[in-house]
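Trainee: Provided herewith is a single structure, encoded as structure tokens, for subsequent inquiry.
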Amino acid sequence: MAEPVGHMYQGIEKGDHDVTFGCDWMFTELTLVSSKMVDYFSLTVEHLVHLHFTSGMPRFLSCLLMFHCFKNDQEQVIQKGLRLIQFGVMNAFAFRKILKKYDKVHESSNGANFKSRLQAKRLDIFQSPWLIELVALYINLSGSDSLISDELIGLLSFNLNFTSEGSSLTLILLGYEKLEYSLICPICLDIVFQPYALSCGHIFCKPCTCLAANVLITEGLKYASLDSKCPVCRQSGVYNKSVCMSELGFLLQQRRKQEFKERLVEERKVILKQAKEYWELQTSSMMGL
221 MAEPVGHMYQ GIEKGDHDVT FGCDWMFTEL TLVSSKMVDY FSLTVEHLVH
271 LHFTSGMPRF LSCLLMFHCF KNDQEQVIQK GLRLIQFGVM NAFAFRKILK
321 KYDKVHESSN GANFKSRLQA KRLDIFQSPW LIELVALYIN LSGSDSLISD
371 ELIGLLSFNL NFTSEGSSLT LILLGYEKLE YSLICPICLD IVFQPYALSC
421 GHIFCKPCTC LAANVLITEG LKYASLDSKC PVCRQSGVYN KSVCMSELGF
471 LLQQRRKQEF KERLVEERKV ILKQAKEYWE LQTSSMMGL
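This is how it looks when you write it as structure tokens:
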């Protein structure tokens with residue numbers, strides 16, 4: 221596991237302000253540490269999800285593989301997920317404390333500005349779609365839509381909410397930090413179906429995302445142009461590094477089975493229509509029409 225940044229904060233608490241903050245390289249070092257931390261977190265969660273959804277294998281074989289890799293003990297997988305949440309939360313809060321202390325000591329807003337730059341670069345675990353995937357993985361394995369735990373990080377709770385006004389995943393960390401992730405697609409305004417998270421962090425249904433990127437559903441987002449922009453924030457180049465949120469998609473599918481069956485039928489109709497239009501265009505092009 222990557223080394224937490226908490227030790228950097230200890231120097232601040234001991235009064236080593238000049239040593240810790242007297243050099244311009246601090247922000248560069250923090251950027252490097254944050255990048256490594258996010259990479260480790262993302263890759264580790266992706267590995268767990270991959271075990272749960274092994275490509276090309278029937279689901280029951282995938283589960284057998286996952287349980288074999290973790291000594292046939294599902295509880296170990298759940299505990300590993302909780303430890304990953306602990307890792308992310310502890311480091312994210314340590315960063316915030318460092319930057320807050322910096323601004324207090326120097327009576328500046330440089331720390332807050334640096335935090336904004338980190339978030340713009342998607343180097344904040346609280347913004348990572350892999351955190352949502354990790355929580356969804358826990359819910360899928362445990363069968364519970366909520367958790368309250370004080371064994372790992374003081375206090376952690378999360379809850380999956382479906383209401384007439386909308387759907388969301390809420391995390392409350394250390395008893396006061398509240399993170400709420402909307403599960404509503406900004407394009408179709410329905411619960412995300414086969415969700416994808418763009419590199420800017422916004423989550424959409426796969427069909428809606430492909431429509432926005434002007435690619436066929438069967439092609440996928442890897443064929444999206446680098447000039448294609450996110451429908452929400454208008455950033456370009458955000459499709460090629462998108463994240464397929466398999467755990468979240470499976471979680472929502474299990475909770476809304478009938479609705480998702482209907483949407484799957486609709487998606488197939490769209491795919492058939494796109495395929496027909498594509499081959500008609502190809503035929504016309506070959507015939508010179």
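Quick note: to get the working numbering, add 220 to the position in the sequence shown (first position is 1). Just so it is clear, CB atoms sit at the ideal spot from N, CA and C, and this is done for glycine as well.
1) Which of the three DSSP states, helix, strand or coil, is assigned to residue 429?
2) Can you tell me the Cα-Cα spacing of residue 459 and residue 426, whole angstroms?
3) Nearest to residue 271 by alpha carbon, out of 466, 476, 342, 346?
4) Whole angstroms is fine: what's the gap from residue 247's alpha carbon to residue 401's?
5) How long is the line joining the alpha carbons of residue 481 and residue 475, rounded to whole angstroms?
6) Out of 461, 405, 439, state which residue places its alpha-carbon closest to the alpha-carbon of residue 452.
7) Taking residue 380 and residue 359 to be in contact with their CB atoms under 8 Å, please state how far apart those CB atoms are, rounded to whole angstroms.
8) I believe residue 346 touches residue 399 by the beta-carbon criterion, under 8 Å. Please report the beta-carbon distance rounded to the nearest angstrom.
9) Hey, how far is the Cα of residue 499 from the Cα of residue 410?
10) If I measure Cβ to Cβ from residue 362 and keep anything under 7 Å in the same chain, skipping five residues before and after, which residues do I get?
11) For residue 463, list the residues DSSP reports as bridge partners.
12) Who are residue 398's beta bridge partners in DSSP?
13) Which value, in whole angstroms, describes the spacing of the CA atoms of residue 309 and residue 318?
14) Take the Cβ of residue 463 as the centre, count every other Cβ of all protein chains shown within 10 Å, and call the residue buried at 16 or more, exposed below.
15) Label residue 382 either buried or exposed according to how many other C-beta atoms from any shown protein chain fall within 10 Å of its C-beta, with 16 as the threshold for buried.
16) Less than 8 Å between the CB atoms is what I'm expecting for residue 437 and residue 490, so what's the real figure, rounded?
17) Quick check on the burial criterion: 16 or more other C-beta atoms within 10 angstroms. Buried or exposed for residue 245?
18) What residues match up with residue 424 in a beta bridge as DSSP calls it?
19) Which of the three DSSP states is assigned to residue 301 in this structure?
Mentor: On the basis of the coordinates in this document:
1) helix
2) 11 Å
3) 466
4) 28 Å
5) 12 Å
6) 405
7) 6 Å
8) 6 Å
9) 31 Å
10) 298
11) 417
12) 392
13) 14 Å
14) buried
15) exposed
16) 7 Å
17) exposed
18) 416
19) helix
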